[in-house]
Every structure is written in structure tokens, then in C-alpha cells.
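**Q** Please read through the structure below; I'll follow up with questions.
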Amino acid sequence: MEKGSRIQSLKTPHVMQISQFLSLQIRGKRASEQGSVPGGLVKAISLLCTVWPKDCSEITWNRVSGVFVIQPTGLHQIVVYCDLNSTSEGWTVLQRNRRDTQITWAESWSTYKYGFGNVQDDYWLGMEYIYWIAKQKVYQVRFVIHDSSGTMKYADYNLFGMEDESNGYRLRLGSYTGTAGDAMTSNNPTSVHDNMKFSTKDMDQDIYSGNCASSYDGGWWYSALGPSTIQSNYYIFCTNQ
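The sequence shown begins at 1 in UniProt numbering and counts up by one.
So this is what it looks like as C-alpha cells:
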């Protein structure tokens, strides 16, 4: 498959975001009925609600960021963190990673597939769930990074798509805009992340002779030992330029 061939056939872009208090977030069409999730009441609420939002953009009744239940098309209900403060529509958080995180990102393929961490704190939602969410619509993705002085910078890509597990959860990105610099798309085959398959310590799918996921202590869409990974506690954090 050539770059962008799967997602160029779709039309209206929706929004997905990643941040270094790391979040990857999406929004889309609104459901006729939605429900939020107050902690351990997920099962009880499930009995009362028949139609769930497909992503956080469909949550309109409660404009406070927090933990919610969504149900992407074709998938069971899942619990996610919704950022409802960034824009007029909500963002579905796929990942968060703080400097003082207790998360160990050097996890296995199966762990990255289904997610890990605490949805109210630092976590990775799971490749399989991200795939099902992202296939519903066209999404935009945002990477947000806070540097050592607390300054926020962002990198937006106007298209976000991901192939299924049989294709290595290959990443598809559109054009870059932002203030953080473009660390994901590149003409340099050793540092690009766009169009790469996802790699973990036990599933090496990069184009490097070694294992980038082991070297960087975290799964990512690696090509070779390039500069951008938001999974590793060591490599993600920037200093002021």
C-alpha cells in the first residue's frame, strides 16, 4: 500500500491528539445517547445505556475532562480518558506519559495490543482499540510536548490512520503543522515514523538491523534509531533549544 492510499479516500477530517502528559485523542459524529463513566460504575451504567458515543467528540452533555465509556463501531465498550477542554469538541486520549510516570514502557506486543496503565493517569489505550477507533472516520492527530520549562509545543498531522494487526498496525499520517517540529514524517528513511509498522521488544518490525524498541525501552513506529519516541521515559523529554 502506498503512503496515504487508505485514508485519502475518506472525506471529512475529525480530530485525534497525542500529548506528553501524553494523550492521543479523537472526535467524530455524535451519538443519539451517550454516557460517562464514574470509576467503578461502568458495568452498572452499561445496563442503562444502549447507545454509546463512538469517540469523545460525541460527548456533549458533560464538558468536564475525565473518564468515559465509548463504543467504537464493531467493538465492545471501552474506557477512555476524554480531554474536553482543548477545543469545542472532545479528544479521545490514546496515550499519556508524564516525566514522573510509574509506567514501564518496555512491554510486550500483546500488552501494547490491548493497553496498559491507569486510564486516569498515564496509560496506553492499546493498538487494537486505536485501530478500531481510527477506522471509523478520518482523524487528525496531535502530539503535545511540554518541555522542562513548562512550555507547550504541538505537532498536528491533518490525517491519521492505522492498518490492522496483520499489517503490523502500520501508521499513516498526513501533512504537518505546529510548533514542535516534524519528527514523524521525513524523507530520511532512517528517521521516519510515518508508514512504519509498530515494533515492541518481542516483535521487531523496524528496518534497522537491531531492535529499536529494545534500545529505546518502548514500543513505537520505528524505522531505525531515529529521534522520536513518546513511549520511552528517557528519550521523550526535551530541553529548551
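The C-beta atom is built at its ideal place from N, Cα and C for all residues, glycine as well.
#1: Which residue comes first and which comes last in the beta strand (DSSP E) that contains Tyr169?
#2: State buried or exposed for Arg172, treating a residue as buried only when at least 16 other CB atoms are found within 10 Å of its CB.
#3: Hey, quick one: how far does the beta strand (DSSP E) through Ile130 stretch, first residue to last?
#4: Return the Cβ separation of Lys153 and Thr185 in integer angstroms, given the expectation that the two are a contact with Cβ distance under 8 Å.
#5: Which term fits Thr104, buried or exposed, when burial requires 16 or more other beta carbons within 10 angstroms of its beta carbon?
#6: Express the C-alpha separation of Ser57 and Asp100 in angstroms, rounding to a whole number.
#7: Could you check what DSSP says for Trp109 in three-state terms: helix, strand or coil?
#8: Cutting at 6 Å between CB atoms, please list the residues of its own chain near Gly174, excluding the five before and the five after it.
#9: Would you list the one or two residues that DSSP bridges to His146?
#10: For Cys82, write down the residues that DSSP places opposite it in a beta bridge.
#11: Pull up the CB-CB distance for residue 264 and Asp206, whole angstroms please, since I reckon it's below 8 Å.
#12: Out of Cys212, Val67, Asp194 and Leu75, which one is the CA nearest neighbour of Gly90?
#13: Answer yes if the region 191-202 comes into contact with the region 104-117, meaning at least three C-beta pairs across the two stretches below 8 Å, and no otherwise.
#14: What three-state label does DSSP hand Tyr139 in the structure shown?
#15: What residues match up with Phe160 in a beta bridge as DSSP calls it?
#16: With DSSP as the reference, label Tyr208 as helix, strand or coil.
#17: Within this structure, are the beta carbons of Ala183 and Gly161 separated by less than 7 Å?
#18: So who's on the other strand from Met203, going by DSSP bridges?
#19: Grab me the residues of residue 244's own chain with a C-beta within less than 6 Å of its C-beta, minus the 5 sequence neighbours each way, in chain order.
#20: When the Cα atoms are used, what is the spatial distance from Ser166 to Gln136?
#21: Taking only three categories from DSSP, how would you classify Tyr222?
#22: Give me the residue from Gly181, Gly74, Thr73 and Ile59 with the minimum Cα distance to Tyr81.
**A** The short version:
#1: Element bounds for Tyr169: n/a, residue is neither H nor E.
#2: buried
#3: Here Ile130 belongs to no beta strand (DSSP E); instead the alpha helix (DSSP H) covers Met127 to Ala134.
#4: At roughly 17 Å, the Cβ-Cβ gap does not stay under 8 Å, so Lys153 and Thr185 are not in contact.
#5: exposed
#6: 29 Å
#7: helix
#8: Tyr157, Asn158 and Leu159
#9: Met152
#10: Gly66 and Thr92
#11: A question about residue 264 goes unanswered here, because the residues of the chain that appear run from 1 up to 241.
#12: Val67
#13: yes
#14: strand
#15: Tyr139 and Leu173
#16: coil
#17: no
#18: Thr200
#19: Nothing in the structure corresponds to residue 244, since the chain is present only between 1 and 241.
#20: 18 Å
#21: coil
#22: Ile59
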